[in-house]
Ligand code: NDP
């Protein structure tokens, strides 16, 4: 039977560390500030944004929330980003994705100043992640690394398998495990004999968006299983990409959904905003 990695509790610990650092910065006259921009009426996105704003308040950040109508034009959105880029009270800018279809996501992300890009989606930050010289790490994969660290699991020398190759989770996750000296294999929808590959993993990270897809017979005895997925099952209940019941019996560690990776994603956003504030202080010293 597996030990459950308690993402809520680890997130609280990390947020406690962030809060303590915010107090130190405040003594030096700096309060980390995050601007969250949402365009349109996507209800899931609105919930995410509300949670981000709430989390900011909990750790003592300053935050601004921009809710723009669905028909906002590109120029108007880019002008807002430009204004926030130049605002010294704002250290991090987050544009909630997905954007309405008439807006070019790449162009919008490229407009965010790389040192305020707390989602780490800007091409400059993505490149830095490849080189291992980053200011910010993408929130979800960084959250997974924190869960491993706080659980005493070192990827060095381990066979790590990442299922999913999206730009926001799978690819950067593989890179972070590689930087941590894991031996990494990335699987996706065109992978042959997936079950054979997942069963060879010491550490398995799953981010595919398919409810309960990875079952106990697809994992190795004693594997560490990290479930990034956030789906609704046939009864509308929140569930991951991993079939928890069957994998729990075989794994050594497993993350639940909810309460695993989810709480870490926002926590790492807070951490990036704190790093951005520190970065701006260093530059002011120059
Ligand atoms: P994407 O849809 O962007 O990517 C899914 C990936 O899974 C693709 O690379 C796809 O392969 C692969 N895939 C799909 N089906 C299969 C299959 N049958 N076998 C193997 N690989 C498959 O999703 P995201 O990366 O954005 O998100 C993945 C999941 O994680 C979702 O449930 C999402 O809600 C959740 N999520 C959770 C977060 C959190 O904070 N907990 C944050 C972000 C995401 P291919 O490239 O070949 O199409």
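In our numbering, the protein residues as written are 15 to 300. Positions of the beta carbon are idealized from the N, C-alpha and C atoms, including for glycine. As the structure is a prediction and not an experimental result, all values here were calculated from the model.
Closer than 7 Å to a non-hydrogen atom of ligand 1 - does that hold for the CB of residue 221? The count along the chain shown starts at 1 and reaches residue 221 at position 207. Residue 221: yes, Cβ under 7 Å from ligand 1.
Taking the alpha carbon of residue 111 as the reference point, which residue from 169, 22, 60, 198 has its own alpha carbon closest? For the purposes of this step, residue 111 is taken as residue 97 along the chain shown, with counting starting at 1. Answer by Cα proximity: 60.
Rounding to the nearest angstrom, what Cα-Cα distance links residue 36 and residue 144 in this structure? The sequence position of residue 36 within the chain shown is 22, counting from 1. The sequence position of residue 144 within the chain shown is 130, counting from 1. Taking the straight line from one Cα to the other gives about 29 Å.
So what does DSSP say about residue 30, is it helix, strand or coil? In the chain shown, counting from the first residue as 1, residue 30 sits at position 16. In this structure, residue 30 counts as helix in the three-state DSSP scheme.
Kindly indicate the opening and closing residues of the alpha helix (DSSP H) around residue 111. Translated into positions along the chain shown, residue 111 becomes position 97. Counting along the chain, residue 111 falls outside any alpha helix (DSSP H), and DSSP gives it neither H nor E.
At least 3 beta-carbon pairs within less than 8 Å: the segment 209 to 223 vs the segment 238 to 251: A contact exists between the segment 209 to 223 and the segment 238 to 251.
Do residue 29 and residue 281 come within 8 Å of each other at the CB atom, strictly closer than that value? Residue numbering aside, residue 281 sits at position 267 when the chain shown is read from its first letter. Residue numbering aside, residue 29 sits at position 15 when the chain shown is read from its first letter. Yes.
At what residues does the alpha helix (DSSP H) containing residue 298 begin and finish? Position 284 of the chain shown, counting from 1, holds the residue named residue 298. Element bounds for residue 298: 276 to 299.
For residue 81, which residues does DSSP report across the bridge? Position 67 of the chain shown, counting from 1, holds the residue named residue 81. DSSP, once it has assigned bridges, lists 52 as partnering residue 81.
Can you tell me whether residue 64 sits near ligand 1, meaning its C-beta is under 7 Å from at least one heavy atom of the ligand? In the chain shown, residue 64 corresponds to position 50, counting from 1. Checking every heavy atom of ligand 1 against the Cβ of residue 64, none is found closer than 7 Å.
Under three-state DSSP, which class holds residue 66? Stepping through the chain shown from its first residue, residue 66 is reached at position 52. It is helical.
State yes or no: is the C-beta of residue 296 nearer than 7 Å to some heavy atom of ligand 1? Locating residue 296 in the chain shown gives position 282, where the first residue counts as 1. No, Cβ of residue 296 sits at least 7 Å from all heavy atoms of ligand 1.
Report yes if the C-beta distance between residue 16 and residue 260 is below 8 Å; otherwise report no. Mapped onto the chain shown, residue 16 falls at position 2. Mapped onto the chain shown, residue 260 falls at position 246. In this structure, residue 260 does not lie closer than 8 Å to residue 16 by Cβ.
Compute the minimum distance between the beta carbon of residue 224 and the heavy atoms of ligand 1, and state whether it is under 7 Å. One-based indexing of the chain shown puts residue 224 at position 210. Yes; taking the cut-off as 7 Å, the Cβ of residue 224 has a heavy atom of ligand 1 nearer than that.
Classify residue 125: buried if its beta carbon has 16 or more other beta carbons within 10 angstroms, exposed otherwise. Position 111 of the chain shown, counted from the first residue, corresponds to residue 125. Buried, since its Cβ has 16 or more Cβ neighbours within 10 Å.
Residue 187 and residue 158 closer than 8 Å at C-beta: Here residue 187 refers to the residue found at position 173 when the chain shown is read from its first residue. Here residue 158 refers to the residue found at position 144 when the chain shown is read from its first residue. Against a cut-off of 8 Å, the Cβ pair of residue 158 and residue 187 comes out as a contact.
At a threshold of 7 Å, does residue 303 count as lining ligand 1 (C-beta to nearest heavy atom)? As shown, the chain starts at 15 and ends at 300. That puts residue 303 outside it, with no answer to give.
Over what stretch of residues does the beta strand (DSSP E) that includes residue 217 continue unbroken? One-based indexing of the chain shown puts residue 217 at position 203. First-last of the beta strand (DSSP E) with residue 217: 217 to 220.
Backbone secondary structure at residue 99 - three-state DSSP: For the purposes of this step, residue 99 is taken as the residue at position 85 of the chain shown. Helix.
Straight-line Cα distance separating residue 98 from residue 291: The sequence position of residue 291 within the chain shown is 277, counting from 1. The sequence position of residue 98 within the chain shown is 84, counting from 1. Approximately 14 Å between the Cα atoms of the pair.
In the DSSP assignment, find the alpha helix (DSSP H) that holds residue 5 and state where it starts and stops. Any property of residue 5 remains undetermined from this structure, which presents the chain solely from 15 to 300.
Compute the minimum distance between the beta carbon of residue 43 and the heavy atoms of ligand 1, and state whether it is under 7 Å. One-based indexing of the chain shown puts residue 43 at position 29. No, Cβ of residue 43 sits at least 7 Å from all heavy atoms of ligand 1.
Proximity winner among 286, 295, 168, relative to residue 148 (alpha-carbon distances): For the purposes of this step, residue 148 is taken as the residue at position 134 of the chain shown. When each option's Cα is compared against that of residue 148, the closest is 286.
Exposed or buried, which one is residue 71 when buried takes at least 16 other CB atoms within 10 Å? Locating residue 71 in the chain shown gives position 57, counting from the first residue. Exposed is the label assigned to residue 71, since fewer than 16 other Cβ atoms lie within 10 Å of its Cβ.
Please classify residue 277 as buried or exposed, where buried requires at least 16 neighbouring CB atoms within 10 angstroms. On the chain shown, position 263 is the one that residue 277 refers to. Of the other Cβ atoms in all chains shown, 16 or more fall within 10 Å of the Cβ of residue 277; this residue is therefore buried.
Quick check: the segment 249 to 256 against the segment 70 to 85, are at least 3 beta-carbon pairs closer than 8 Å? no
Under 7 Å Cβ to Cβ from residue 289, same chain only, skipping five residues before and after it: list those, please. Position 275 of the chain shown, counting from 1, holds the residue named residue 289. Around residue 289: 149, 150.
List the residues that DSSP assigns as beta-bridge partners of residue 61. Counted from its first residue, the chain shown places residue 61 at position 47. Answer is none; residue 61 lacks a bridge partner.
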